[in-house]
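Going by the numbering used here, the residue at position 24 of the sequence shown is 93; the numbering climbs one at a time, nothing skipped.
From the three backbone atoms N, C-alpha and C, an ideal C-beta is built for every residue, glycine too.
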Amino acid sequence: MAKAPAEIRSLARSHSDKALNVLVGIMNEKTAPAAARVAAANSIIDRGWGKAPTTLQDIDGNALTVAVVRFADNHSS
């Protein structure tokens, strides 16, 4: 039987220390491929500090602004 999402989260979290140690080990391993070391470092930074914000760009590379507008019916029923 499949585990419930809460059980899966709990199981994954129980391995967090080991997973972080693996990432640190890869990052510090001088003989590891550069791409693996960078990926491990980025993963550690993202988890510790949050992912860097991203911007939407048009075809010319200019930042796009997203306007969120809420329309509400002012008439009560």
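Among all the DSSP beta bridges, which residues are the ones paired with residue i?
i           : result
residue 132 : 126
Roughly how many angstroms lie between the CA atoms of residue i and residue j, to the nearest whole one?
i           : j           : result
residue 73  : residue 80  : 11 Å
residue 119 : residue 95  : 20 Å
residue 86  : residue 126 : 37 Å
residue 77  : residue 135 : 35 Å
residue 84  : residue 100 : 25 Å
residue 104 : residue 139 : 44 Å
residue 106 : residue 88  : 14 Å
residue 93  : residue 124 : 29 Å
residue 122 : residue 137 : 18 Å
residue 141 : residue 82  : 42 Å
residue 90  : residue 102 : 18 Å
Count the other CB atoms, across all protein chains shown, that sit within 10 Å of the CB of residue i; report buried if there are 16 or more and exposed otherwise.
i           : result
residue 109 : buried
Segment contact, 8 Å Cβ cut-off, at least three pairs: the stretch 108-115 with the stretch 123-131:
no
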